[in-house]
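Enquirer: Going down the list, the sequences are from chains A and F. Sequence positions in the first sequence follow the numbering used here and run 541 to 842. Sequence positions in the second sequence follow the numbering used here and run 541 to 842.
Number of protein chains: 2
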Amino acid sequence: MSVGIDESKRVAPESITLTLKAIEQRLDYWLPLSSEREKVSMAMRQGTLAPGKRIRPLLLLLMAQDLGGGSSTTGMLDFACAVEIIHAASLILDDMPCMDNALLRRNQPTIHCQFGEPVALLAVIALVSKAFQIISQAEGIDEKAKNSAVSELAQAIGLQGLVQGQYQDINEGHQPRSQEAIALTNHYKTSTLFCAALQMAAIATGATMTVREHLRHCSFNLGQAFQLLDDLSDGSNETGKDPHQDAGKSTWVNVFGTRKSEKQLREHLDVAYHYFAQACRHRQSTQYFVQQWFEQKLAMII
Amino acid sequence: MSVGIDESKRVAPESITLTLKAIEQRLDYWLPLSSEREKVSMAMRQGTLAPGKRIRPLLLLLMAQDLGGGSSTTGMLDFACAVEIIHAASLILDDMPCMDNALLRRNQPTIHCQFGEPVALLAVIALVSKAFQIISQAEGIDEKAKNSAVSELAQAIGLQGLVQGQYQDINEGHQPRSQEAIALTNHYKTSTLFCAALQMAAIATGATMTVREHLRHCSFNLGQAFQLLDDLSDGSNETGKDPHQDAGKSTWVNVFGTRKSEKQLREHLDVAYHYFAQACRHRQSTQYFVQQWFEQKLAMII
């Protein structure tokens, strides 16, 4: 059963716009452009500040609010920026010639096309280390919480996260794969960073281990839904990426077709909503935002 | 004036051997091989555990001891491992085809030659994130110190550290450069990680800001000396790297010759020793170790 949207609980678009602006201003602060000669910092800025959905930092901030923390504090914004910076680094890396060899991202030439491979690579490394530096210096968040956040984010990047996802994708993506194998790759590629975002909100607000466990289940399903949406969008002009990048790949959509994939997506969303409700019993802006967001995107592509 | 070695203050080789063994056992613990199929973890292990000098983690542990901290605690070993892992990641990156395109490192084919470019790249990212994870989980070190260590290490990697050094090296290394420009590149390429190693020892032992400032000056000079030694070794069979990798590059040795470079190296060492003595007034194992180490290496190549 898909949960309908209760109009009265819609998250005000103005509030989202303001939050997005705050995220981008803070990213701009953390990624200054020292001079036009500094190609690496230009690449870091370009890769991160080019228009994007900012879904991960938004989720982090909305969840922090739902859990009763201050989503507008500078420290919480810093956590959100760290997650977005890792996401940006992962996109630059995935686009590299030896990976997906993509030419277009966010409607612009990919970073290695603009700046060359060495600069793109150095920008990835600098972004990853910057994300950890930002967390370690986040204002007004206690020391233990910052260390837990470093640990969560590191886990989402490494062999149990983005690195594993990208490895499986380049290694097995063009071979026939089982439903479970595709789901596992999507888990590493997408769910782990969603998980880090929600966990970091929980860590910063001092949520209980039970809440963190609910959020873990929630983000695993949210990540699957998000990856299915991404696969369903392949070939549409709305992605800002090389069209039909997934042609010949064993994605859910290519193997099981659009209708089954959409059904699967909605099932994952329903499970995610269940855990959202378990984790935040009083405020549910995150869940309502996610519902709105997916309905809007699905309406555009299906 | 070069400081001679007081034989009575030599660091016992057995003590260094034991420390090296402890570092390598702890690296082995942090970089487990899950299965032969896991190419990325194989590359991470190979890049880090292949025989190396381990000079950075050794300096960290010796300095922690000189500053009165327990160098044999697991947490201190973890800090040392994090620094060595970043060093290993930087070597894999610098060897990549789009960087130095090196074939040989530590007498073995470079990581991208063994595992291919995508795996080498993913191993670099996984190693960088693992280093931060290790610091955040280091046993028995207080939370604030762990955050400071994350911040120091991140700074040593990014635009003010290894990334900047590698960028300058590939961009300007093959053009004529001034003495100052070469020293600046060496600062970013080498001194910054030495600096992070000594700062992390100081952070973990709760050293004063004055001590930390002395160690900063010390490591800047130590890094220059180390890079000069590396340049002087180019072409010797002892490096385990592609011989004459620096041919045509504007290194100190290529521009000013062997004799002037050795003189410059000894001047940097003398300044480093001065600051070692300022930082640790009671115990000076680190300084004696460095003296022994450099004399031994210089005797082999000059």
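Just so you know, even glycine gets a beta-carbon here, dropped at the ideal spot from N, CA and C. Quick caveat, the model's predicted, so the values are computed rather than measured.
Specify the secondary structure class of Q648 (chain F) as computed by DSSP and reduced to three states.
Expert: Taking the second sequence and counting its residues from 1, the one referred to as residue 648 (chain F) is at position 108. Of the three classes helix, strand and coil, the one that applies to Q648 (chain F) here is strand, per DSSP.
Enquirer: Go ahead and pull the three-state DSSP assignment for D810 (chain F).
Expert: Here residue 810 (chain F) refers to the residue found at position 270 of the second sequence. Three-state DSSP puts D810 (chain F) in a helix.
Enquirer: With 7 Å as the limit, tell me which residues of the segment 685 to 701 of chain A have their beta carbon closer than that to any beta carbon of chain F; keep them in chain order.
Expert: Cβ contacts with chain F: K686, N687, V690, S691, A694, Q695, I697, G698, L699.
Enquirer: In terms of residues, what are the limits of the alpha helix (DSSP H) holding I681 (chain A)?
Expert: Position 141 of the first sequence, counting from 1, holds the residue named residue 681 (chain A). Premise fails: I681 (chain A) is in no alpha helix (DSSP H) and is neither H nor E.
Enquirer: Is any beta-carbon of chain F found at less than 8 Å from that of A666 (chain A)?
Expert: Against the first sequence, residue 666 (chain A) aligns to sequence position 126. Yes, contact with chain F.
Enquirer: Assuming V703 (chain F) contacts I665 (chain A) (C-beta within less than 8 Å), just tell me the rounded distance between them.
Expert: The sequence position of residue 703 (chain F) within the second sequence is 163, counting from 1. The sequence position of residue 665 (chain A) within the first sequence is 125, counting from 1. So it is a contact: roughly 6 Å between Cβ atoms.
Enquirer: Distance, Cα to Cα, T745 (chain A) vs H714 (chain A)?
Expert: Taking the first sequence and counting its residues from 1, one reaches residue 745 (chain A) at position 205. Taking the first sequence and counting its residues from 1, one reaches residue 714 (chain A) at position 174. Taking the straight line joining both Cα atoms gives about 42 Å.
Enquirer: Mind checking E510 (chain A): buried by the 16 CB within 10 Å criterion, or exposed?
Expert: Since the first residue shown for chain A is 541 and the last is 842, residue 510 (chain A) is missing from the structure and cannot be characterised.
Enquirer: Tell me whether S542 (chain F) sits in a helix, a strand or coil according to DSSP, three-state version.
Expert: Residue 542 (chain F) sits at position 2 when you count from the first residue of the second sequence. Reliability fails at S542 (chain F), whose pLDDT of 47 lies under 50, so the model's placement of it is uncertain and no value is given.
Enquirer: For the segment 635 to 653 of chain A, which residues have a CB atom closer than 8 Å to at least one CB atom of chain F, in sequence order?
Expert: M636, C638, M639
Enquirer: At the level of alpha carbons, what is the spacing between I674 (chain F) and I841 (chain A)?
Expert: For the purposes of this step, residue 674 (chain F) is taken as the residue at position 134 of the second sequence. For the purposes of this step, residue 841 (chain A) is taken as the residue at position 301 of the first sequence. Taking the straight line from one Cα to the other gives about 43 Å.
Enquirer: Run down chain A in chain order and give the residues with a C-beta less than 9 Å from the C-beta of P658 (chain F).
Expert: What you label residue 658 (chain F) is simply residue 118 of the second sequence in a count that begins at 1. Residues of chain A passing the Cβ test: M636, C638, M639, Q706, Y707, I710, N711.
Enquirer: Expressed to the nearest angstrom, what Euclidean distance is found between the alpha-carbon atoms of K593 (chain F) and K593 (chain A)?
Expert: In the second sequence, counting from the first residue as 1, residue 593 (chain F) sits at position 53. In the first sequence, counting from the first residue as 1, residue 593 (chain A) sits at position 53. Approximately 46 Å, taken between the alpha carbons.
Enquirer: Would the beta-carbon of G780 (chain A) fall within 8 Å of that of R585 (chain A)?
Expert: Within the first sequence, the letter at position 240 stands for residue 780 (chain A). Within the first sequence, the letter at position 45 stands for residue 585 (chain A). No, the pair does not count as a contact, with Cβ atoms beyond the cut-off.
Enquirer: Please specify which runs of the alpha helix (DSSP H), each continuous and at least 4 residues long, are wholly inside the segment 757 to 807 of chain A, giving them in chain order.
Expert: Within the segment 757 to 807 of chain A, no complete alpha helix (DSSP H) run reaches 4 residues.
Enquirer: Mind listing the chain A neighbours of V830 (chain F)? Cutoff is C-beta to C-beta under 7 Å, in chain order.
Expert: Numbered from its first residue, the second sequence carries residue 830 (chain F) at position 290. Within 7 Å of the CB of V830 (chain F), no CB atom of chain A is found; the nearest one sits about 27 Å away.
Enquirer: Does D634 (chain A) come out as helix, strand or coil in the three-state DSSP assignment?
Expert: Sequence index remark: in the first sequence, residue 634 (chain A) carries index 94 (1-based). D634 (chain A): helix per DSSP, three-state reduction.
Enquirer: Considering Cα atoms alone, identify which of A:E657, A:E624, A:Y707, A:Q677 is closest to L662 (chain F).
Expert: Walking along the second sequence from the start, residue 662 (chain F) turns up at place 122. When each option's Cα is compared against that of L662 (chain F), the closest is A:Y707.
Enquirer: If you draw a straight line from the C-alpha of H652 (chain F) to the C-alpha of Q804 (chain A), how long is it?
Expert: Sequence index remark: in the second sequence, residue 652 (chain F) carries index 112 (1-based). Sequence index remark: in the first sequence, residue 804 (chain A) carries index 264 (1-based). Those two C-alpha atoms are separated by around 39 Å.
Enquirer: Any beta-carbon of chain A closer than 8 Å to the one on S669 (chain F)?
Expert: Along the second sequence, read from residue 1 onward, the residue named residue 669 (chain F) stands at position 129. Cβ-Cβ to chain A under 8 Å: yes for S669 (chain F).
Enquirer: Along chain A, in chain order, which residues have C-beta atoms closer than 7 Å to that of E683 (chain F)?
Expert: In the second sequence, residue 683 (chain F) corresponds to position 143, counting from 1. E683, K684, N687, listed in chain order.
Enquirer: Please state if the CB of A696 (chain A) and the CB of L929 (chain A) are separated by a distance shorter than 8 Å.
Expert: Since the first residue of chain A shown is 541 and the last is 842, residue 929 (chain A) is not available in this structure.
Enquirer: Rounded to whole angstroms, what's the CA-CA distance from F672 (chain F) to R799 (chain A)? Just pull it up for me.
Expert: As a first step, residue 672 (chain F) must be located in the second sequence, where it is residue number 132. As a first step, residue 799 (chain A) must be located in the first sequence, where it is residue number 259. Distance between the alpha carbons of F672 (chain F) and R799 (chain A): 42 Å.
Enquirer: Between G680 (chain F) and the rest of its own chain, which residues show a CB-CB distance below 6 Å, the 5 nearest in sequence each way excluded?
Expert: Translated into the one-based positions of the second sequence, residue 680 (chain F) becomes position 140. If we look at G680 (chain F) and ignore the five residues flanking it on each side, its Cβ neighbours are T613, G615.
Enquirer: Go ahead and pull the three-state DSSP assignment for C735 (chain F).
Expert: On the second sequence, residue 735 (chain F) is found 195 positions in, with the first residue counted as 1. Residue state, collapsed to three classes: helix.
Enquirer: Just how far apart, CA to CA, sit N726 (chain F) and A694 (chain A)?
Expert: In the second sequence, residue 726 (chain F) corresponds to position 186, counting from 1. In the first sequence, residue 694 (chain A) corresponds to position 154, counting from 1. Whole-angstrom Cα-Cα distance: 29 Å.
Enquirer: Quick check on DSSP: helix, strand or coil for E578 (chain F)?
Expert: Here residue 578 (chain F) corresponds to residue number 38 of the second sequence, with the count starting at 1. The answer is coil: DSSP assigns E578 (chain F) none of H, G, I, E or B.
Enquirer: Which residues of chain A have a Cβ atom closer than 9 Å to the Cβ of S581 (chain F), listed in chain order?
Expert: Within the second sequence, residue 581 (chain F) is the residue found at index 41, counting from 1. What S581 (chain F) touches in chain A: L699.
Enquirer: For I632 (chain F), collect the residues of the same chain with a Cβ closer than 7 Å to its Cβ; drop the 5 residues on either side in sequence, then sort them by chain order.
Expert: Residue 632 (chain F) sits at position 92 when you count from the first residue of the second sequence. Once the five neighbours on either side are set aside, the close Cβ partners of I632 (chain F) are G587, I651, A660, A663, V664.
Enquirer: For a test of the three-state rule: what should DSSP assign to A747 (chain F), helix, strand or coil?
Expert: For this step, residue 747 (chain F) is matched to residue 207 along the second sequence. Coil, per DSSP.
Enquirer: CA-CA distance, A741 (chain A) and A620 (chain A)?
Expert: As a working note, residue 741 (chain A) is residue 201 in the first sequence. As a working note, residue 620 (chain A) is residue 80 in the first sequence. Going by the C-alpha atoms only, they are around 9 Å apart.
Enquirer: Could you check where the alpha helix (DSSP H) with N711 (chain A) kicks off and where it finishes?
Expert: Against the first sequence, residue 711 (chain A) aligns to sequence position 171. Element bounds for N711 (chain A): 702 to 712.
Enquirer: Buried or exposed for M541 (chain F), please, with buried defined as at least 16 other CB atoms from any protein chain shown within 10 angstroms of its CB.
Expert: Translated into the one-based positions of the second sequence, residue 541 (chain F) becomes position 1. For M541 (chain F), the predicted structure reports a pLDDT of 42, less than 50, and the residue's modelled location is therefore unreliable. A value from the coordinates is still provided. Result: exposed.
Enquirer: Among F:Q654, F:V623, F:I563, F:P591, whose alpha-carbon lies nearest the alpha-carbon of P637 (chain F)?
Expert: Start at 1 with the first residue of the second sequence, and residue 637 (chain F) comes out as number 97. Looking at the Cα atoms, F:Q654 is the closest of the given residues.
Enquirer: Which bits of chain F does L573 (chain A) rub up against, with CB to CB less than 9 Å?
Expert: Reading the first sequence from its first residue, position 33 is the one you call residue 573 (chain A). By Cβ distance, chain F contributes nothing, its closest Cβ being about 11 Å from L573 (chain A), past 9 Å.
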